Amino acid sequence: MAPRVMELKSTIATVGSHSALQILKGAKDEGFRTIAICVKEHSSLYRHFNVADRIIEISSYKEFENVEDDLMEEAAILVPHASLIAYVGTDVVERIKVPYYGNRRILAWESDRNKQREWLRRAGVNIPKVYENPDEIDSLCIVKFHGAKGGQGYFLAKNKEDFYDKIGDAREYFIQEYVVGTPVYIHYFYSVMRGELELMGFDRRYESNVDGITRIPAIHQEGLSVTYTIVGNLPLVLRESLLPEVFKIGQRVVETSREICSPGIYGPFCLETVVTPDLKFYVFEISARIVAGTNVFMNGSPYTYLKHGKPMSTGRRIAVEIREAIEQDRLKEILG
Ligand code: ADP
13 MAPRVMELKS
23 TIATVGSHSA
33 LQILKGAKDE
43 GFRTIAICVK
53 EHSSLYRHFN
63 VADRIIEISS
73 YKEFENVEDD
83 LMEEAAILVP
93 HASLIAYVGT
103 DVVERIKVPY
113 YGNRRILAWE
123 SDRNKQREWL
133 RRAGVNIPKV
143 YENPDEIDSL
153 CIVKFHGAKG
163 GQGYFLAKNK
173 EDFYDKIGDA
183 REYFIQEYVV
193 GTPVYIHYFY
203 SVMRGELELM
213 GFDRRYESNV
223 DGITRIPAIH
233 QEGLSVTYTI
243 VGNLPLVLRE
253 SLLPEVFKIG
263 QRVVETSREI
273 CSPGIYGPFC
283 LETVVTPDLK
293 FYVFEISARI
303 VAGTNVFMNG
313 SPYTYLKHGK
323 PMSTGRRIAV
333 EIREAIEQDR
343 LKEILG
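Right, here's the structure in full:
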């Protein structure tokens, strides 16, 4: 019989933020020891929910590299999420020696909007038009900034005059056609161990002030600027007839990733889409790892219930994958 993880004393570690509660709880459910690396203000949260067997406190994210030896001694596997990348930084993440779950080389494709666009274009999925020059704006567009956290500061512009009125001093921006439809964030998981793409769930975002602005009469909306600061996420199920297309586009994104960045994307990832009235999915962004929207399914989603028949969050699914890799002596295939 394959050895159980408990006997192997493997450890899963992550930074205490974003989706760490889910990742650590999922790891514990699969029999792993868990570590949360937290800035001081965050540690009480992870203590309260009792998801970490050990909490390593750091005074700032700059200190992250100092805990590396400690994590190596614990034989920890680091599970990344957006806060690790945003706070610790891509450069540090790219060079750390701690075993890392996922393909680190995909980070370069994910963090560069032009490369992302190339990836999606090659995958043959619908993508919003991009305006290289503000003078070319001929439809409603959304203006995004590099490294913006959770949509903060993004704005809409209907033409070039509107754009120049709102852009201020910013020099680095990205202008994308605003696709009018319903936002759908698709959570996938590609399992290397099982050679299969799984659908984990869907969410939509709850953003301030855009989700509040429609609660007031139009007459009072005039003159208010719309912002997209993420506050939370809401669960969603999709029309069943749309699910085959969801699998198709996910599959194409995975296949293309193998061509652009071998061995490609694996583990959790998310396609951020808008669905238009003619039921087309427009993909405006890829997140190449677990997204915070999966937190709405800590106890599993309708789709993971169908597939696994027991509570299966994305965090737990990661732990299952790592456990199977250890049991089959294939860990190398999922650490990048
Ligand atoms: P972040 O960069 O933080 O991931 P998003 O790219 O998700 O932020 O964008 C913030 C908000 O803008 C979300 O509500 C998203 O649905 C919406 N949005 C982003 N791009 C488009 C687009 N091209 N068309 C329509 N809505 C968009």
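Take the sequence shown: its position 234, counting from 1, is numbered 246 in the numbering used here, and each next residue is one higher. The beta-carbon is built from N, C-alpha and C at its ideal position, and this holds for glycine as well. Note that the structure is predicted; figures quoted are calculated from it, not measured.
Less than 7 Å between the CB of residue i and some heavy atom of the ligand ADP, yes or no?
i, result
"glycine 163", "yes"
"isoleucine 261", "no"
"isoleucine 242", "yes"
"glutamine 189", "Residue identity differs from the one stated: residue 189 is glutamate in this sequence, not glutamine. Glutamate 189: yes, Cβ under 7 Å from the ligand ADP."
"lysine 156", "yes"
"glutamate 219", "yes"
"valine 286", "yes"
"tyrosine 166", "yes"
"phenylalanine 175", "no"
"glutamate 297", "yes"
"proline 275", "no"
"proline 314", "no"
"proline 140", "yes"
"proline 229", "no"
"proline 289", "no"
"proline 280", "no"
"proline 247", "no"
"proline 146", "no"
In three-state terms, what does DSSP make of residue i?
i, result
"lysine 40", "helix"
"histidine 93", "coil"
"aspartate 215", "strand"
"histidine 158", "coil"
"arginine 264", "helix"
"arginine 129", "helix"
"leucine 4", "Only positions 13 to 348 of the chain appear in the structure, and residue 4 is not among them; the question remains open."
"threonine 306", "helix"
"asparagine 78", "helix"
"valine 258", "helix"
"proline 280", "strand"
"methionine 18", "Unreliable positioning characterises methionine 18 in this predicted model, as indicated by a pLDDT of 44, which lies under 50. The coordinate reading is nonetheless provided below. Here methionine 18 sits in helix by DSSP."
"glutamate 86", "coil"
"isoleucine 338", "helix"
"threonine 326", "helix"
"histidine 60", "helix"
"glutamate 236", "According to the sequence displayed, residue 236 carries leucine and not glutamate. Here leucine 236 sits in coil by DSSP."
"glycine 224", "helix"
"valine 105", "helix"
"serine 29", "coil"
"arginine 369", "The chain is shown from 13 up to 348; residue 369 falls before or after that span and cannot be answered."
"alanine 197", "Before going on, a small fix: residue 197 reads as tyrosine here, not alanine. Looking at tyrosine 197 - three-state DSSP - the assignment turns out to be strand."
"threonine 288", "coil"
"glutamine 188", "strand"
Relative to the alpha-carbon of residue i, which residue among the options has its alpha-carbon at the smallest distance?
i, options, result
"phenylalanine 167", "Arg342, Lys141, Val222, Leu119", "Val222"
"serine 253", "Val110, Arg264, Lys292", "Lys292"
"proline 92", "Val191, Ser31, Thr316, His158", "Ser31"
"proline 256", "Glu210, Leu119, Val79, Asp181", "Glu210"
"valine 204", "Ala39, Arg116, Pro280", "Pro280"
"isoleucine 225", "Tyr315, Asn78, Thr239", "Thr239"
"methionine 358", "Phe175, Met324, Asp181, Thr241", "Any property of residue 358 remains undetermined from this structure, which presents the chain solely from 13 to 348."
"isoleucine 108", "Arg59, Asp81, Ser313", "Asp81"
"aspartate 191", "Glu297, Arg133, Ile261, Arg125", "According to the sequence shown, residue 191 is valine rather than aspartate. It is Glu297 whose Cα lies nearest to the Cα of valine 191."
"serine 22", "Ser56, Glu42, Val266", "Glu42"
"glycine 165", "Phe186, Ile70, Lys37", "Phe186"
"glycine 207", "His54, Gln263, Phe214, Asn145", "Gln263"
"proline 195", "Thr316, Arg133, Asp215, Val286", "Val286"
"asparagine 171", "Arg301, Lys141, Ser151, Met310", "Ser151"
Using only the alpha-carbon positions, how far apart do residue i and residue j sit?
i, j, result
"glutamate 122", "arginine 227", "35 Å"
"glutamate 284", "leucine 83", "33 Å"
"isoleucine 330", "glycine 28", "17 Å"
"lysine 74", "aspartate 290", "47 Å"
"glutamine 233", "arginine 217", "21 Å"
"leucine 119", "proline 275", "13 Å"
"arginine 45", "asparagine 138", "42 Å"
"alanine 64", "isoleucine 242", "26 Å"
"arginine 335", "isoleucine 154", "42 Å"
"alanine 182", "phenylalanine 157", "9 Å"
"phenylalanine 76", "arginine 328", "24 Å"
"proline 314", "tyrosine 197", "15 Å"
"valine 17", "tyrosine 176", "Since pLDDT at valine 17 reaches only 43, below the 50 mark, its modelled position is unreliable, and no value is offered."
"glutamine 188", "isoleucine 338", "43 Å"
"alanine 14", "glutamine 340", "Any reading at alanine 14 must be qualified, since the residue scores a pLDDT of 47, below 50, and its modelled position is unreliable; no value is offered."
"arginine 342", "valine 79", "26 Å"
"threonine 70", "aspartate 147", "Looking at the sequence itself, residue 70 is isoleucine, so the reference to threonine does not match. So the two alpha carbons sit approximately 47 Å from each other."
"alanine 304", "asparagine 245", "8 Å"
"proline 111", "leucine 347", "6 Å"
"arginine 144", "threonine 316", "Reading off the sequence, residue 144 comes out as glutamate, not arginine. Rounded to whole angstroms, glutamate 144 to threonine 316 spans 40 Å at the Cα level."
"arginine 66", "arginine 117", "29 Å"
"glutamate 173", "isoleucine 49", "47 Å"
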